[in-house]
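> Taken in order, the sequence shown gives residues 283 to 442; the numbers are from this note's numbering.
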Amino acid sequence: MEKDKSKDHRLDELLMGDYHRPVHCSDCGGVMVFQGVGEYKCEDCGKVEFDDYGKVRAFVEKHKGATMVDVERETGVKQKSIRKMLREERLEVTADSKTFLKCEVCGATIRSGRFCEKCKVNVNRRIEEQARAEKSNMMAGFGLGRPTGEEGERRFIRTK
Numbered sequence: 283m284e285k286d287k288s289k290d291h292r293l294d295e296l297l298m299g300d301y302h303r304p305v306h307c308s309d310c311g312g313v314m315v316f317q318g319v320g321e322y323k324c325e326d327c328g329k330v331e332f333d334d335y336g337k338v339r340a341f342v343e344k345h346k347g348a349t350m351v352d353v354e355r356e357t358g359v360k361q362k363s364i365r366k367m368l369r370e371e372r373l374e375v376t377a378d379s380k381t382f383l384k385c386e387v388c389g390a391t392i393r394s395g396r397f398c399e400k401c402k403v404n405v406n407r408r409i410e411e412q413a414r415a416e417k418s419n420m421m422a423g424f425g426l427g428r429p430t431g432e433e434g435e436r437r438f439i440r441t442k
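Structure (structure tokens):
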């Protein structure tokens, strides 16, 4: 029984994510239906609510240049979640901002994501090379050549 609860909790985390998605309407209890960009609408009464991403996005669109502290104070969304949205490239630091992110590889300043453009190319190349190496390792032994010698014919001859 304990295992089933942990599976349900994991499924909830996967479905809901870290952005506090509204599931039931706070007014009538109806089901909230996803409308796009963090917006949800009650299928019964039509009330509109936002998940954390929707709250942050709406606030930032109205208040250009707001800091993370401002956004957290006004929306209630934790700075940790805001940083995660920046790393996931869901949000971007404005060009004139005094705040910035750093590339996880070289330390260059970036506006969103984890890597600068140069390192992003290198990371993707490395992933592709690893995938090719794994593929060739999996295919080892399935070559087109026909085995010869003891490895070939002799292994199929039965001796009494």
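Using N, Cα and C, we set each Cβ at its ideal position, and we do this for glycine too. What you are looking at is a predicted structure, and each value in this text was computed from that prediction instead of being measured.
Can you give me the C-alpha to C-alpha distance between residue 394 and residue 414, rounded to a whole angstrom?
The residue labelled residue 394 in the question sits at position 112 within the sequence shown. The residue labelled residue 414 in the question sits at position 132 within the sequence shown. Roughly 29 Å separates the two Cα atoms.
> Starting from residue 335, follow the alpha helix (DSSP H) in both directions and report where the run begins and ends.
For this step, residue 335 is matched to residue 53 along the sequence shown. Taken as a continuous stretch (DSSP letters only), the alpha helix (DSSP H) holding residue 335 covers 334-344.
> Suppose you measure from the CA of residue 351 to the CA of residue 365; what does that come to, to the nearest Å?
Here the question's residue 351 lines up with position 69 in the sequence shown. Here the question's residue 365 lines up with position 83 in the sequence shown. Each residue's Cα considered, the two are about 11 Å apart.
> Count the other C-beta atoms from every protein chain shown that fall within 10 angstroms of the C-beta of residue 418, then say buried if there are 16 or more, exposed otherwise.
As a working mapping, residue 418 is identified with position 136 in the sequence shown. Residue 418 comes out exposed.
> For chain D, is any of its Cβ atoms less than 9 Å away from the one on residue 352?
The structure shown contains no chain D; it is built from a single protein chain.
> Please classify residue 360: does DSSP put it in a helix, a strand, or coil?
As a working mapping, residue 360 is identified with position 78 in the sequence shown. Residue 360 falls in the coil class under three-state DSSP.
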